[in-house]
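Position in the sequence shown (from 1) plus 82 gives the number in this note's numbering.
Note that CB positions come from ideal geometry on N, CA and C, so glycine has one too.
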Amino acid sequence: MRPLMTLKVRLTLLLGVAALAGALIYAGVTQWPLPQLLLWLQSALTAKPLTATAAAIDAPHELHLGIYGGLGVSAVLLLLLAFWLASRAMSPVSRLLRALEGAVTSYRDGDFSFSIAVNRRDELGELIRMHNALGQTLREQRQHLVQRELLLDTVVQNTPVALVLSDAAGRVAYSNIASRHLFNEGRSLNGLDFAELLADAPEALRKAVESGEDALLSVEMDGSEETFHLSQRAFRLQGRPHRLQLFRRMTRELSRQEVATWKRVIRVISHELNNSLAPISSLAHSGAELARRGQLDRLPSVFATISERALHLHGFIAGYASFAKLPTPQPVAVAWTPFLDGLALHCHYRLATPAPSHPGHFDAIQIEQVLINLIKNAHESGGADDEVTLSILDVGRELRIEVSDRGPGMSETVLAQALLPFYSTKRSGTGLGLALAREITEAHGGRVLLANREGGGLRVSLLLPQVASR
């Protein structure tokens with residue numbers, strides 16, 4: 083931008099021209115040529131010639147306007163000139179302002195294709211160029227955003243998870259293809275009352291949605307049993323409350339998990355049977371050979387080893403049988419002092435927090451068995467025995483029982499699979515410890531959480547619901 087093209091220089095020149103024009107107008111009104119013109123008009127109208135002496139005598143008395151008259155006439159003429167100059171000077175600015183107003187209106191309507199022609203080299207021209215660059219940036223961002231929205235909508239619409247977004251009034255604001263087939267035979271759900279759609283759904287599904295919590299449920303649909311995982315979240319969208327429900331079909335996934343679990347069980351049982359039956363078969367053959375040779379003094383040790391392996395195999399099978407025959411829990415009010423004293427007879431631990439003053443509400447025998455297994459696992463983790471702690475915390479409507487150790491903890495992969503039935507990280511483990519804890523806790527209506535501790539170690543938390551038993 084050249085210095086002579088700036089608005090400040092142009093405004094300075096314009097004010098200078100206005101000041102010079104004002105001085106010239108004042109001189110023309112009071113000195114020359116207006117007085118002489120008025121004098122000539124007077125003589126022409128009266129047809130009375132005046133000599134130079136008479137004109138010099140009469141003009142000051144009859145034609146002289148005085149300082150105030152001259153200022154008044156000059157102000158009127160200067161105002162007309164200023165109005166004309168202002169119109170000429172502000173005409174490009176007015177056109178630019180109208181163009182900017184149209185651009186802002188287009189941006190408000192979502193049209194970012196508006197641009198302004200640039201034919202100036204001053205600050206206004208720079209402003210126009212910046213405006214056009216802004217429009218180009220907005221167009222690129224809008225195009226990128228539209229592409230991302232199309233990609234996201236394509237992904238959401240084609241996902242097998244049924245998605246329903248409803249507003250505060252319960253009407254569907256957004257839904258995907260899977261939800262339309264699940265609730266409305268493929269027709270659109272937008273604008274419909276979701277509660278009315280659920281009226282025709284299975285009762286278990288309707289009650290799960292009304293509870294407002296996540297749930298895993300099985301329902302009868304189209305003559306077969308379907309398992310759904312329901313996830314519900316409440317949030318604010320554009321300042322208004324909304325609720326998002328995700329219905330995931332878990333039937334195939336659970337079937338695959340069930341097959342994988344059975345394969346794992348068969349492998350574990352087969353491995354344990356081989357480890358026990360092979361030595362028993364070998365010892366039986368050795369005992370027969372010793373009896374044939376008459377070496378009867380060595381037979382008791384052979385029979386003792388056979389008995390030991392048989393008892394080990396019996397205990398292994400009994401563990402699986404107890405897991406399969408786990409009864410329904412019978413929660414009752416449990417006083418903490420005798421419960422903890424009885425637990426201390428079976429395993430060693432350090433109580434990290436005082437027990438709650440009010441009694442718990444659970445099946446004492448089953449929870450005791452869970453804690454025995456967890457504390458035993460904590461001792462076998464490799465940490466110090468005095469670092470195995472038990473914590474009992476009352477967190478509102480839930481009871482939190484934690485068993486912690488200072489072993490190496492678990493990797494992310496092991497944490498993701500540790501709660502699966504019959505999963506074990508031990509070479510000779512059966513995988514019943516954490517699986518039994520999960521089975522019993524979920525039968526109580528609770529859940530199990532695993533987390534690595536800061537500084538090393540693992541924390542296993544049992545979250546049990548508390549009822550009005552205080």
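| Asked | Found |
| --- | --- |
| Have a look at LEU167, LYS90, SER125 and flag the residue whose alpha-carbon is nearest the alpha-carbon of LEU99. | At residue 99 the sequence reads Val, which differs from the Leu that was named. When only C-alpha atoms are compared, the closest one is LEU167. |
| Alpha carbon to alpha carbon, how far is HIS440 from LEU546? Give it in angstroms, no decimals. | 15 Å |
| Taking only runs that begin and end inside the stretch 303-378, name each unbroken alpha helix (DSSP H) of 4 or more residues, in chain order. | 333-375 |
| Pull up the distance between the alpha-carbon of ALA215 and that of SER270, whole angstroms please. | 41 Å |
| If the criterion is Cβ atoms closer than 8 Å, does the pair ASP445 and PRO420 meet it? | no |
| Run through DSSP, which three-state label would ALA141 get? | Any reading at ALA141 must be qualified, since the residue scores a pLDDT of 45, below 50, and its modelled position is unreliable; the value itself is stated next. Of the three classes helix, strand and coil, the one that applies to ALA141 here is helix, per DSSP. |
| Where does ARG552 sit, in a helix, a strand or coil, going by DSSP? | With a pLDDT of 43 at ARG552, under the threshold of 50, the predicted position of this residue should be treated as unreliable, though the coordinate-derived value follows. Of the three classes helix, strand and coil, the one that applies to ARG552 here is coil, per DSSP. |
| Between the beta-carbon of ALA277 and the beta-carbon of GLY252, is there less than 8 Å? | yes |
| Three-state secondary structure (DSSP) at GLU231? | helix |
| Taking Cβ positions, are LEU544 and ILE457 nearer each other than 8 Å? | no |
| May I have the straight-line CA-CA distance separating ALA437 from TYR431, to the nearest angstrom? | 14 Å |
| Going straight from the alpha carbon of LEU378 to that of PHE385, what length do you get? | 11 Å |
| Mind listing, in chain order, the continuous alpha helix (DSSP H) runs of no fewer than 4 residues lying wholly within the stretch 269-309? | 276-280, 285-293 |
| Which first and last residues belong to the beta strand (DSSP E) in which LEU546 is found? | 540-547 |
| Run through DSSP, which three-state label would HIS526 get? | coil |
| Please classify HIS213: is it buried, with 16 or more other beta-carbons within 10 angstroms of its beta-carbon, or exposed? | buried |
| What do you get for LEU64, buried or exposed, if any count of 16 or more other CB atoms within 10 angstroms of its CB means buried? | Outside the displayed span of the chain (83 to 552) sits residue 64, for which this structure offers no information. |
| If we ignore side chains and look at the alpha-carbon of each, how far apart do ASP235 and ASP304 end up? | 29 Å |
| Restricting to Cα atoms, I'd like to know which of GLY369, VAL485, GLU335 is closest to PRO554. | What is shown of the chain runs 83 to 552, which leaves residue 554 out entirely. |
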